[in-house]
Structures are given as structure tokens and as C-alpha cells.
Amino acid sequence: MREFWHYFKNGLLGENPVLKLMIGLCSVLAVSVRVDNCLGMGMAVIFVLTCSSLVISLMRNFVPNEVRIPIFIVVISTFTTIVDLVMKAYLPPLSKAMGIFIPLIVVNCIIMARAEAFASRKPPLYAVADALGMGVGYTLVITAIGVVRELFGYGEFLSHPVFPESFQGMMAMILPPGAFLLIGIYIAILNWSLRRAKR
Amino acid sequence: MNIFLPTILVGTLGLAFGLMLAFFAKKFAVPTNPLVQEIERLLPGANCGACGFPGCSGLAEKIASGEASPNACPVGGPRVWAELSRLLGQESGSWEAKRALLLCQGGEGIAQTVAEYEGVADCKAAHLLPASFKGCRFGCLGLGNCVKVCPFGAIHLDTESHLPVIDWEKCTGCGKCVAECPRNIITLVPKREQVTVACVSLDPGKEVRKLCSRGCIKCQLCVRTCPEGAITFENGRIVISREKCTLCGLCVEKCPTHCIIRVGEKLALLEVKG
Amino acid sequence: MTKILRTALALTVVCGVAALALSFVYVVTRERIASEARKELDEALALVFPEGENFTPIDLATLGPIPESKELQFLEAYEAIKGGKRQGIVVKVASTGYGGPIVLLIGVDTEKGTITGIRVLEHQETPGLGSNVAAEPFLSQFLGKPLTSPFTIGEDVQAVSGATISSRAVARACGKVAELLRGERE
Amino acid sequence: MSTEFLTIFKIIVSAAFVDNIILARYIGLCPYIGMSSSVANSIGMGMAVTFVMVLASIVTWILWNYVLVPFGLEYLRIMVFILVIATLVQLVEILLKKNVPNLYRAMGIYLPLITTNCAILAVTFLGVDYGYPLFQVVIYSISVALGFTVALILLAGIRERLRLAKVPNFWQGYPIVFIATCLLAIAFLGFKGLVK
């Protein structure tokens, strides 16, 4: 159980997939316009990541090397399609807002990276711990970006107005440049705080 | 709705692709260095490209050849680093500790100084200027960025020559100075006795002769001298093959400008003689 | 040879199982997805033609010759029925805006010859500027306008500031729909 | 004839610049950040992406229109497409390695990066979504790849200059790269509205 926590915590900060490893960026930037989208995307990624890590870890001894990547990607795509279908059925507005980025979870490098780097080498319990940690770490970052973008871009939080009527949204925050700017600032802050902590 | 049709269809697709892949992988197999494969097995294999090399196999090759450090994979993190070091440490024949080496002897009194530099004492700033205050466009500026960046205090500026001196006892081969140097004259080399050309100038011999008394003038005397054929002239620079070199020292003696140097196992102090 | 077969078989089995699982999920969710889509359309239809009790899809060709336009496509048409009688027509059109097609639902009362409602279903306009054409203040300008209006930006319709092209796309859609349905008026 | 030419021109400009896959759609960022450390790397990556993108969109277009749609299996799209791409990439890599080692050295080594490159999958999806005929799909995928390569080379050029610049301590590395990307994205916003 101790090791379970160890692997779980690893993904939160030390090896945070977005800020430290620089993977899975596409969906982080594209979806983080509103907080509810971020949470939805986070949940979807956690689900796909955990399920595929578990399955891949269970199969790890039976997979021939030549078809390793096709097999992993088929497993991942199955869970992604399930998420896609379920979201369309039960959460249609959310599914519409995320558009093509739900299918693109398949190629979210986080999932393939963790499948290859971790799940295909470790027993299922640890694979799940690692997947959960990575997934939660991803969700934390994407939500942190989403809060700022929604607040300044629309002047709202979870679609509730925060600022007085006269507030005009900052367009740049909603458009791509704002996303790039914010993630740059976040990484710089993380670097800075890590360096301070070391001292 | 028939749910078996898709199963059969996709299954067939899988069968076809699987057959193709397995067949071609066997038929067109290219023998690769077993060490590279070993390293690649340890790497995450996500092929994300975050390391700056083309995929995990690309990085594996570079690690095996010593051009990349085993901690270059940001995805694998410290764990992969530890595993790789263990692997490489065991196979000591193909893996050696690296040390930083300055490939320039153009210190004070040896290389020409054509102008007084009074700007910020920073190599990068000085390098950005269109003209160099040192005559040579390739040589060390001696402003000490590498000294500042070294986390181990292994580099200091020599008081006479104003060139950085790297203490191989303290150097860990982390490569920070290599990345810092705007002129790319610091490189990582295996930690052992070796003979190397301490000049990276691409200028023609005549130019070099004017600018520096320890620069490579491309006379290629060493190429002709070497009994092992270990020295070649490639793309405007002299290259000494570490594999072929027997450390006989003939080239060091013959070099008219003394720009081929012998580096000891313990230290990379360039003996700057008058 | 056996190795090749084993490798291929591994991929086959994984693919087969994956497809089986997926088609199962698909069968379970299919009804729900269809009904969600239907519900969404019904809600939108009810919004652009509040008086209609139910809506039936009709063939666009029955409405007469479709106005030619490069920047406008007629997609679908619905009859709005109240008390068993046709009250109006709802047309779905795609009009080229700033970032791509703006898909609109436009409701027309064929008896009075006025626009009853207009709604943006999909768009890719710049958030914060062009996206405002999907908002109430702009769209409500069209409510109750007779089909004979010119629907010209600057004359009878005010553009969203900073988004002339997007506004013009919506106005153009209304104009063309009006042109099509003018003949329908009984 | 001229209208056809115009459509194709429109596809090229909008796919390569207006809707630049990286700077306007945020797709394909991992290799964009990873492979932009030098101009040489980015050119190799651009070539490999172009090659695979065109190949993948042709194959998936055929599968989509002649297998998935007739059988009513649209929902298997994600799985089938990604399976095709993964296999294709691996095959091309094996073949190049053995038969054309020179080409392999120039671009093949970038191929493994591409399986998990969302840009490829996105292009195959978008090509099908837009309902282009086969010829236009090819043009579309080439233009997207062109846009990808342009963005990659632009950033690589900036990063080569950045190495010489004095960047505040904790901004070094990725943060400053993202700030540069932000400015690039602003520049590309200027293309918006170019194609009507």
C-alpha cells in the first residue's frame, strides 16, 4: 500500500505530466477555456488512462514485441471510444464543447507514454496507482489553467459571472496565444518554487 | 444490430496487419547494436520526442554512442536514469565517464586581441556582437560563462591566459558548460588519456596564422604523420579517431602550431606554454 | 513461421475483443444518443417557432427554386404544424462567416410573412467578437421582421461591433430564406 | 476549371495558415516542443510528418468510404484509424530502414514519433468530416503538413537564437519557448478572415 501511494504521488508534482514531462499538451490548451470542460476532460483522461493501464499491465506478458504498439493503441482507442459514446449519450453539451479532442485522447501522449514506460512493466496495482496519479496531476493543471482563462476571458467562474457587467472579457485569454502564455507562466512558477524549495 | 460483424471485420483487419508486421519485421530485420536495444528496452518507448532526439530508438543510439547523457529522457525521469546508469555501468567497456574539455588554447598573448571589450562580462553578450574583440571568430572569449554555470566549481579562469581551466577531479561531465558556451568550444570527451585537436577554427590556414599562434592551420601534416591512419581531414576540421589512435604522440610532436594536445587521465589542464 | 502466426493472432484477438466490447457499448448507447440529438433539435425548433406544436421534415425542393449562392447552403426544412394546420416553415442553412460556416435555424410564419425566430446552432467565429452574433441582443433584431425587408447590415439591422462579416453572414441567411419563402406566402 | 483551382487554393491557404494545426488548433504540440530544438531536426520531422500524413489520410479515406460507412460502423472510426496509422508507421519504418537507408537516416528516424502525434489522427478525422473527395483530401493533408512544418521551423529558428540570449533564470527552457509560441500564435491570428 505504501508503494501505491508512492507511485500515485509521483504523478502529482514530481513528474507532473504536463508541467514537468511536457506531454499531453494539446488537450490541455484546447479544452481549458472553461472550468467545466476542464473537469470533463480530466475525468475522461483519468478513466481512459486507468483502464488502459490496468488492461495493458494485465496483458504485459503476452504481447509480442512486433505488434506491441498496435495492440496498446487498440486498447487505448477502445476505452476512448467508450468515453466518446457515453459522453454523447449522457452529457451531450460537454461532448459538443470538446469536439474532436475526445477522439484525440487516443493520441494523448500521456496515455501511450505511461502504457509503455510503466504499465507494460509493472504489476496491475502499481500501474493503476501510477495512472491515477498522472491523471489527477493532469486534471489539476488543466483546471488551474481553465480557472484563469475563464475568469479573465469571460469574467465568469463555472459560467457564473464574477465581475460587474462593465467587464469586457479579454479576448486573448480565450484565443490560442493566451493559452500558450499561461502555460509558460505556470512552468516558470513551478521552476521558481522548486528552486526555492531546494534552497 | 449485429455485433458480430464489426468483431469479425476488425478482427480480420487485425489479422492482416499483424501478419504484415510480423512478416516484414522478420524479413527486413536489420541487425542493430545489442546495447542500443538494451537501452531502448529501458527507455519509456513513448516516442514523444521530448528529449529532442527522434524517438526512443534515436535517443538510445545517442546514449550508446555517448553523445547523450542517460538522464536525457524527461519522461522516464530519475528512475530510468538510475536503471540506465546501472546498465551502462556494468558494461564498462562501452561506457565511460565523460569530462568537459575546452578546445581552444588561444589565451592572452597567443591569440590576437583586436579590440578592447568593455561590455557586459558575459560570453553570450559578446558573441552577439557582429565582430569579435578577439581576432578569431571561433576561439574562447574568456569571459567565464562556463565558470558561472558549473554547479561543481570545477572551472576557473586562469589568471595569465584568461582561459577557463577544467578540473577533471571535480568535473562530473554534466554538460552544463557545453550547453552554455555560445561558441560551442567545450565538448564532452571520455575520461581517459587521449590526443585531441584543441582548435575548432574553420578559417583557412593563412587567416589562422595571423590570428593565433596555437590555431590549426590545416597543414594536414598530422594526417600524413599518423602511422595508424587515425587522423583525417573532414569538413574543414582535423578529426582524430579515438578508436584507432594508439597515443603514440607523433602528431603532437609534429604539429607546427602545437594545437594537438595530449590530455591526461587526471586533468584537462591545457599546458599553455609561451 | 509459428512465431509470425502467434504475433498476428495476438493482434487479431485484441482487435476482435475490442470491437466486440465497442459494439456492445454502441448498442447500449445508440438509442440514447439518437434521442438526445432529436431532443436537441426539437428544443431548437420550438425556440425559433414557439407556436408550433410539432415539426415534420419536408423536402427543400417543394419550397420552390432554391436561390443560388456561393456563400450559403440550404440544409434542411421543417413544417411547423399547429392544430393539424401548417403555420410556418423552419429552414436550416449554413452561411459562411469569418471562421467558417455558421449553421442557423430560421423560423418563418408563412401566414403573417414574418420571421418568428432565429438561432445559431454551430459556428466557429472568434470568441468574444464574432461569437456575439449567436447572442440575444443581435438576433432579436430579426424577430417579427416581414419577409419583404432588405435585411441589410447598416440599414435595418445593426451589426455586432467588430464583427461585420459574421453579422453580414447572418443577415444574408435571413435575406435568402426570405427570398425563398416569399413565394410560399399564402 | 478556375473554380476548382480556387477551391484547392482555398484549402491550401486555410489549412496551412489560417487554421494552422499547431498555432490555431493546438494539435500536435508534443513534437512541436520536442523537435524544435534545431532547424535540421525540424526539417526532418516535417518531412516525415508530411509523408505519413498524406499516406494515412489516403488509406483512412478509402477505409472510411468503402468499408466503415457501407457497413454502418462509423463508431469504430477511432480504433480503425489509429490502428491503420500505427501499423503504417511501423511498416514504413521497417521498409525504409532496410531498403533506403539514406532516406531512413534523413527522415525515418522521426517516424516512431508519429504514432502518437495527434496531428496525423486529427487530419484523418477532419478530412473525413469535411467530406472532401480523395484528391482534395490529399491536398488538404499536404497543406496541413506544410503548416506544421512552417510552425516547427519558425520556432526552431527562434530557439536557436534564444540559446544566445540572456533569459531570466527560471524562465529558461520550456517557459520561454511557450512565450515565443504565444507571440507566433498572435502573428498567425493575422491570417484570420483571409479566406471567406
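As given, the protein sequences belong to chains A, B, C and D, one line each in that order.
So for the first sequence, numbering that gives the first Met the number 0 puts the first residue at 0; every next one is plus one.
So for the second sequence, numbering that gives the first Met the number 0 puts the first residue at 0; every next one is plus one.
So for the third sequence, numbering that gives the first Met the number 0 puts the first residue at 0; every next one is plus one.
So for the fourth sequence, numbering that gives the first Met the number 0 puts the first residue at 0; every next one is plus one.
Ideal Cβ placement from N, Cα and C applies to all residues, glycine included.
Because the structure is a prediction, the values reported are computed rather than measured.
Please classify residue i as buried or exposed, where buried requires at least 16 neighbouring CB atoms within 10 angstroms.
i: residue 111 of chain A; result: buried
i: residue 206 of chain D; result: With chain D running from 0 to 195 in the structure shown, residue 206 of chain D is simply not present.
i: residue 33 of chain A; result: buried
i: residue 15 of chain D; result: buried
i: residue 92 of chain B; result: Residue placement at residue 92 of chain B is poorly supported in this model, since its pLDDT is 41, which falls under 50; the coordinates are not used for a value here.
i: residue 262 of chain B; result: buried
i: residue 113 of chain C; result: buried
i: residue 161 of chain C; result: exposed
i: residue 130 of chain D; result: exposed
i: residue 5 of chain B; result: buried
i: residue 31 of chain A; result: buried
i: residue 4 of chain D; result: exposed
i: residue 202 of chain B; result: buried
i: residue 21 of chain A; result: buried
i: residue 40 of chain D; result: buried
i: residue 157 of chain C; result: exposed
Between which residues of its own chain and residue i is the CB-CB distance below 7 angstroms, once the five residues before and five after are set aside?
i: residue 38 of chain D; result: 152, 155, 156, 159
i: residue 168 of chain A; result: 152, 153, 154
i: residue 37 of chain B; result: 86
i: residue 113 of chain A; result: 48, 52, 129, 130, 133
i: residue 68 of chain B; result: 174
i: residue 145 of chain D; result: 15
i: residue 6 of chain A; result: 125, 128, 129, 132
i: residue 83 of chain A; result: 101, 102
i: residue 41 of chain B; result: 79, 82, 83, 86
Can you find the residues in the same chain that come closer than 6 angstroms, C-beta to C-beta, to residue i, ignoring five residues on each side of it along the sequence?
i: residue 144 of chain B; result: 122, 179
i: residue 148 of chain C; result: 155
i: residue 3 of chain A; result: 128
i: residue 208 of chain B; result: 216
i: residue 94 of chain B; result: Confidence at residue 94 of chain B is low in this model, with a pLDDT of 48, below 50, so the placement of that residue should be treated as unreliable; the coordinate-derived value is given next. If we look at residue 94 of chain B and ignore the five residues flanking it on each side, its Cβ neighbours are 87.
i: residue 9 of chain A; result: 132
i: residue 134 of chain C; result: none
Return no unless some Cβ of chain G is closer than 8 angstroms to the Cβ of residue i.
i: residue 66 of chain A; result: Absent from the structure: chain G. Protein chains present are A, B, C and D.
Give me the Cβ distance between residue i and residue j, rounded to the nearest whole Å; I'm assuming they're in contact under 8 angstroms.
i: residue 122 of chain D; j: residue 52 of chain D; result: 6 angstroms
i: residue 49 of chain D; j: residue 114 of chain D; result: The Cβ separation is near 16 angstroms, so there is no contact.
i: residue 10 of chain C; j: residue 68 of chain A; result: Residue 10 of chain C to residue 68 of chain A, Cβ: 10 angstroms. No contact.
i: residue 146 of chain B; j: residue 162 of chain B; result: Wrong, their Cβ atoms sit about 11 angstroms apart, outside the cutoff.
i: residue 63 of chain A; j: residue 5 of chain C; result: 7 angstroms
i: residue 197 of chain B; j: residue 102 of chain B; result: 5 angstroms
i: residue 227 of chain B; j: residue 245 of chain B; result: 6 angstroms
Report all residues from its chain with a CB closer than 8 angstroms to the CB of residue i; omit the five preceding and five following residues, and keep chain order.
i: residue 126 of chain B; result: 140, 181, 182
i: residue 254 of chain B; result: 220, 221
i: residue 87 of chain D; result: 51, 54, 55, 58
i: residue 186 of chain A; result: 18
i: residue 89 of chain B; result: Unreliable positioning characterises residue 89 of chain B in this predicted model, as indicated by a pLDDT of 48, which lies under 50. A coordinate reading is not provided.
**Asked** Mind pulling the alpha helix (DSSP H) runs of 4 or more residues that sit fully within the stretch 210–264 of chain B?
**Response** You should have 220–224, 249–253.
**Prompt:** the stretch 142–166 of chain B: which residues have C-beta closer than 8 angstroms to a C-beta of chain D, in chain order?
**Reply:** Residues of the stretch 142–166 of chain B that bring their beta carbon within less than 8 angstroms of a beta carbon in chain D are absent altogether.
**Item:** Near-chain B residues of the stretch 64–80 of chain D (beta-carbon distance less than 8 angstroms), N- to C-terminal order
**Value:** Close to chain B, meaning a Cβ-Cβ distance shorter than 8 angstroms, are the following residues of the stretch 64–80 of chain D: 66, 70, 72, 75, 78, 79.
**Asked** Where in the stretch 17–73 of chain C do unbroken runs of the beta strand (DSSP E), each at least 3 residues long, occur, reported from the N-terminal end onward?
**Response** Listed in chain order, the complete beta strand (DSSP E) runs (minimum 3 residues) inside the stretch 17–73 of chain C are 53–57.
**Interface residues of the stretch 34–49 of chain A facing chain D [CB-CB below 8 angstroms]** = For the stretch 34–49 of chain A, the beta-carbon criterion of a distance under 8 angstroms to any beta-carbon of chain D is satisfied by none of its residues.
**Item:** Near-chain B residues of the stretch 26–46 of chain C - C-beta to any C-beta below 7 angstroms
**Value:** Those would be 26, in chain order.
**Request:** Kindly provide the ranges of any alpha helix (DSSP H) runs that are 4 or more residues long and lie completely inside the stretch 43–103 of chain A, ordered along the chain.
**Result:** Inside the stretch 43–103 of chain A, DSSP marks whole alpha helix (DSSP H) runs of 4 or more residues at positions 67–89, 91–97, from first to last along the chain.
**Message:** Please give me, in chain order, every unbroken run of the alpha helix (DSSP H) with length at least 4 that falls completely inside the stretch 122–202 of chain B.
**Reply:** The stretch 122–202 of chain B contains these whole alpha helix (DSSP H) runs: 122–127, 144–148, 175–179.
**Contacting positions in the stretch 114–129 of chain A - beta carbon closer than 7 angstroms to chain B** = So the list reads 115, 116, given in the order they occur along the chain.
**Request:** Starting from the N-terminal side, write out each stretch of the alpha helix (DSSP H) that is 4 residues or longer and does not extend beyond the stretch 126–192 of chain D.
**Result:** Correct list: 133–161, 173–188.
**Request:** Scan the stretch 151–167 of chain D for residues whose Cβ lies nearer than 9 angstroms to a Cβ of chain B and list them as they occur along the chain.
**Result:** If you check each beta-carbon in the stretch 151–167 of chain D against every beta-carbon of chain B, the ones closer than 9 angstroms belong to 162, 163, 164, 165.
**Asked** Of the residues that make up the stretch 54–81 of chain A, which ones have a beta carbon closer than 7 angstroms to any beta carbon in chain B?
**Response** So the list reads 65, 66, 69, given in the order they occur along the chain.
**Prompt:** Which ranges would you report for the alpha helix (DSSP H) in the stretch 36–77 of chain D if only whole runs of at least 4 residues count?
**Reply:** If we require 4 residues or more, the alpha helix (DSSP H) runs fully inside the stretch 36–77 of chain D come out as 38–62.
**Request:** May I ask you to list, following chain order, the residues of the stretch 93–112 of chain A that have a beta carbon less than 8 angstroms from some beta carbon of chain B?
**Result:** Cβ contacts with chain B come from 108, 111, 112.
**Message:** So if I threshold CB-CB distances at 8 angstroms, which residues from the stretch 122–138 of chain B count as touching chain D?
**Reply:** Listed by position along the chain: 123, 124, 126, 127.
**Request:** Would you list, in chain order, the members of the stretch 10–30 of chain A that have their beta-carbon closer than 7 angstroms to a beta-carbon of chain C?
**Result:** If the cut-off is 7 angstroms between Cβ atoms, the stretch 10–30 of chain A has nothing near chain C.
**Item:** Positions along the stretch 60–77 of chain C whose CB lies within less than 8 angstroms of some CB in chain D
**Value:** Cβ contacts with chain D come from 70.
**Request:** Please list the residues of the stretch 3–20 of chain B that have a C-beta atom closer than 8 angstroms to any C-beta atom in chain A, keeping them in chain order.
**Result:** Listed in sequence order: 13, 16, 17, 20.
**Request:** Determine which residues of the stretch 171–202 of chain B have a Cβ less than 7 angstroms from any Cβ of chain D, and write them out in chain order.
**Result:** Listed by position along the chain: 181.
**Chain-ordered residues of the stretch 220–245 of chain B with a beta carbon less than 8 angstroms from chain D** = Using a CB distance below 8 angstroms, no part of the stretch 220–245 of chain B faces chain D.
**Prompt:** Could you give the uninterrupted runs of the alpha helix (DSSP H) lying entirely in the stretch 155–191 of chain A, keeping only those of 4 residues or more?
**Reply:** Entirely contained in the stretch 155–191 of chain A, the alpha helix (DSSP H) runs reaching 4 residues are, in chain order, 170–173.
**Asked** Which runs of the alpha helix (DSSP H) fall wholly inside the stretch 77–138 of chain C and span at least 4 residues, in chain order?
**Response** Counting whole runs of 4 or more residues, the stretch 77–138 of chain C contains the alpha helix (DSSP H) stretches 135–138.
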